[in-house]
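Numbering (this note's numbering), first residue to last: 1 to 391.
Heads up, the beta-carbon is just placed ideally off N, CA and C, and yes, glycines get one too.
Only one structure is covered here, and it is reproduced in the block below.
Shown next, in the form of structure tokens:
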């Protein structure tokens, strides 16, 4: 299997059965089969791909930090002959993960310090992040929570569900709950329904969000039964995580459309990654394909300062160039907000290209997408209030 990485994939082709030519469709289409047949060790991966020395060494060491697991669906997207394939860079460990820069951190977003009860992060005034599991369908090598996700590291996620529900019942300022982890959509329909029903019983919680990469890693999980269950709990929002156009296959598109048909607003969060999506051409194809899947590009994250992630980090200046290259050159719905999650717990900070050139009490000068300057007058002080128009 070989891809032309110089031409970003614009179509929604299927890559199945790929490396699993002898599997009947009843197996391939089963999300349980996909999970049971994940690639999670070196011999299994070498049966499918030609690995580099850096990858081999990284896999042997991955068990001490963040486990490796790749669903058959996602493995099919990897170019077996290209060591720089943007898909393999996201999920196959590399020896560079053992190199830790001085500024990198185990908990780059400072979540552990904002947990009033284990597993519940309360940083912003009116919303919380509820970490309901430490498992994912596949493991991203740049995972912000690699300290607790997958069970391979020394720190473990020990969510206290009853304590978390009690906290939410007592804190009436909380109106928004994000279910995250790990990936909540790995739960059975019944278990996820019990969590959602318990949250919906709390009167002051206005809506719930789910953060997931399951529709991308494991589109088979998005069954009609799951969607029918989810639609009971509106308003319910889902944020998916896609980084490269190749990830949006025909199966993924069908899964996302099924969620949208259930009335669930969908947004996408991408992470800016070296050799994956640090190109305006690739990013433009990605955001256009997302809109065709009925997903709004929501955030483009500057990668968090995770331990051992320097080989995937992109300068902020490059992210600004990409946003600048999108604005005005495509629909505004396609332009995500570029953010830095401030290291140590400062929260998300939007980062914008410079558009305000000059500002004073009389005027503001702005620059448009073509680089042209325009002046907008500020209201004069004597007309700043309604009183100026009264006799």
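- Around the Cβ of residue 268, a 10 Å sphere holds 16 or more other Cβ atoms; the residue is buried.
- Between the alpha carbons of residue 134 and residue 120 lies a distance of about 13 Å.
- Secondary structure at residue 347: strand, using DSSP grouped into helix, strand and coil.
- The Cβ-Cβ distance between residue 258 and residue 222 falls below 7 Å.
- Judged by DSSP in its simplified three-state form, residue 267 adopts strand.
- Rounded to the nearest whole angstrom, the C-alpha separation of residue 248 and residue 149 is 24 Å.
- The region 131–180 is shown to contain whole beta strand (DSSP E) runs of 3 or more residues at 176–180, in chain order.
- Taking a cut-off of 8 Å for Cβ pairs, the region 107–121 and the region 185–197 do not touch, as fewer than three such pairs fall below it.
- Annotated three-state conformation of residue 211 is strand, per DSSP.
- With contact defined as three or more Cβ pairs closer than 8 Å, the region 279–289 and the region 158–166 are not in contact.
- Assignment of residue 374 by DSSP, reduced to helix, strand and coil, places it in the strand class.
- Here residue 79 is buried, its C-beta having at least 16 other C-beta atoms within 10 Å.
- Straight across, the Cα-Cα distance linking residue 242 with residue 216 is about 7 Å.
- Cβ-Cβ distances below 6 Å link residue 104 to 305 and 307 in the same chain, with the five nearest sequence neighbours on each side left out; the list follows chain order.
- By the CB criterion at 7 Å, residue 44 and residue 93 fall outside the cutoff.
- Counting along the chain, no alpha helix (DSSP H) covers residue 236; the unbroken beta strand (DSSP E) around it starts and ends at 236–240.
- Nearest C-alpha to residue 184 among 239, 165, 333 and 170: 239.
- By the neighbour-count definition (other C-beta atoms within 10 Å, threshold 16), residue 90 is a buried residue.
- Nearest to residue 281 by C-alpha distance, out of 314, 309, 329 and 254, is 329.
- Residue 262 holds the alpha-carbon nearest to the alpha-carbon of residue 229 among 262, 210, 205 and 206.
- Separation of the CB atoms of residue 17 and residue 28 is rounded to 6 Å, and the pair is thereby assigned contact status at 8 Å.
- Across the structure, residue 110 and residue 364 are spaced so that their CA atoms are roughly 37 Å apart.
- At a Cβ-Cβ threshold of 7 Å, residue 145 and residue 153 do not count as neighbours.
- When DSSP states are grouped into helix, strand and coil, residue 341 belongs to the strand group.
- Cα atoms of residue 324 and residue 354: separation of roughly 9 Å, rounded to the nearest angstrom.
- Scanning the region 276–323 from its first residue to its last, the whole alpha helix (DSSP H) runs of 4-plus residues come out as 280–292.
- For the pair residue 165 and residue 35, the Cα-to-Cα distance works out to about 29 Å.
- Taken through DSSP and simplified to helix, strand or coil, residue 47 comes out as coil.
- Per the C-alpha coordinates, the member of 180, 327 and 333 positioned closest to residue 295 is 333.
- By the neighbour-count criterion, in which 16 or more other beta carbons inside 10 Å mark a residue as buried, residue 341 falls on the buried side.
- In this structure, residue 237 places its C-beta atom within 7 Å of the C-beta atom of residue 265.
- C-alpha of residue 318 to C-alpha of residue 279: approximately 8 Å in a straight line.
- Rounded to the nearest whole angstrom, the CA to CA distance from residue 244 to residue 377 is 42 Å.
- In this structure, the alpha-carbon of residue 181 lies about 21 Å from that of residue 202.
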